[in-house]
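If you use the numbering used here, the sequence shown corresponds to residues 1 to 280, in order.
One structure is given below, encoded as structure tokens.
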Amino acid sequence: MNTKLLIRKASGDMEPFSSEKLRRSLQRSGAADNVIEPILNDVESWIYDGISSRKIYDRAFALLRKKTLSVASRYKLKNALMEMGPTGHPFEHFAGQVFKALGYNVEVAQILQGHCVTHEVDVIASKEKSQMFIECKYYLTTDKNANVQVPLYIRSRVDDIIKKRSSIPEFAGYTFSGGVVTNTRFTSDAMAYGECSGLKLLSWDYPVGNGLKDIIDREKIFPITVLTKLSNQDKQRLMGQGIVTCLQILETPGTLDSLGIEMINREKILAEIKNLCVAE
């Protein structure tokens, strides 16, 4: 019906509205067909030429939230990563939690001596006798991608650190590597250079099948910004304390004590987290 209508993307580009694209995004969040169809019908009857993709997302999210909170939270995931700002520090902690879920011992925001100069490293991920130095690139909007300059710069910093650490007896027998994590995407040149230079790149959907969205869903490591029962102010307060994932709250519910939340609302928050994080 509305396939010829144009919508404005976050980048400002215009593209035809696709009900199938909206359907797929709802399906990926786990919504059932009997939930999806009414949402599609509502959106199709409501949109107009030139509407922003953000307004369509907001409408679909509001409708989905009325049906099922856990699915709405999954649907919100991409935007939730953008809401971890305005600084990049919460995303650094989130990247640390991602690597922790993958079996690494993690240190966040460390100053390391390189061969030539010192470097601030966002995440150090260690496993047995391997160590990875990771830079996080956080963007506030989905239209910003990490270009080739990012891995080029990180490669030189990592090499300086590796040259120094390789000479320290404490790290004898260690293998070292570097990586870059972004909450959006890498350009094709950035991915090509990353593969060629040996940097581990991790973005929203890269590597294919094992990007951030895949790891988050598989490991149930959702950022607290997906929660619909927690206010934005409380989310900011928790992120300021390094509490960035729902799992952290689930493992230590006492982290909510500092927020002064009433018991009934606290129970709703924990119920939402369990629906997201506890395997069915």
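The C-beta atom is built at its ideal place from N, Cα and C for all residues, glycine as well.
Cβ-Cβ separation, residue j to residue i (assumed contact under 8 Å), whole Å
i           : j           : result
residue 29  : residue 59  : Contact flag wrong, Cβ pair sits at about 15 Å.
residue 112 : residue 123 : Actually they do not touch by this definition, with Cβ atoms about 12 Å apart.
residue 67  : residue 35  : 5 Å
residue 204 : residue 78  : 7 Å
residue 104 : residue 148 : Not quite, the Cβ-Cβ distance comes to about 26 Å (not below 8 Å), so this is no contact.
residue 80  : residue 223 : 5 Å
Contact set for residue i: own chain, Cβ-Cβ below 8 Å, skip 5 residues either direction
i           : result
residue 97  : 106, 221, 244, 245, 247 and 248
residue 207 : 201
residue 212 : 81, 98, 181, 183, 202, 203, 204 and 205
residue 241 : 255 and 258
Cβ-Cβ distance between residue i and residue j below 8 Å
i           : j           : result
residue 191 : residue 202 : no
residue 179 : residue 152 : no
residue 19  : residue 40  : yes
residue 137 : residue 187 : no
residue 162 : residue 119 : no
residue 22  : residue 49  : no
residue 239 : residue 84  : yes
residue 154 : residue 95  : no
residue 273 : residue 250 : yes
residue 63  : residue 42  : yes
Cα-Cα separation, residue i to residue j
i           : j           : result
residue 256 : residue 234 : 9 Å
residue 110 : residue 101 : 20 Å
residue 9   : residue 55  : 10 Å
residue 129 : residue 174 : 5 Å
residue 166 : residue 184 : 33 Å
residue 93  : residue 236 : 13 Å
residue 156 : residue 132 : 14 Å
residue 262 : residue 268 : 10 Å
residue 277 : residue 271 : 10 Å
residue 140 : residue 172 : 40 Å
residue 2   : residue 44  : Because the pLDDT at residue 2 is just 44, under 50, the model does not fix this residue reliably, and the point stays unresolved.
residue 108 : residue 90  : 10 Å
residue 219 : residue 275 : 14 Å
residue 177 : residue 146 : 19 Å
residue 197 : residue 57  : 37 Å
residue 24  : residue 125 : 34 Å
Residues near residue i by beta carbon distance below 6 Å, same chain, minus five either side
i           : result
residue 11  : 143
residue 209 : none
residue 115 : 160, 163 and 164
residue 266 : 256
residue 53  : 7 and 9
Neighbourhood of residue i by C-beta distance below 7 Å, restricted to the same chain and skipping five residues each side
i           : result
residue 4   : 16
residue 65  : 72 and 228
residue 260 : none
residue 253 : 270
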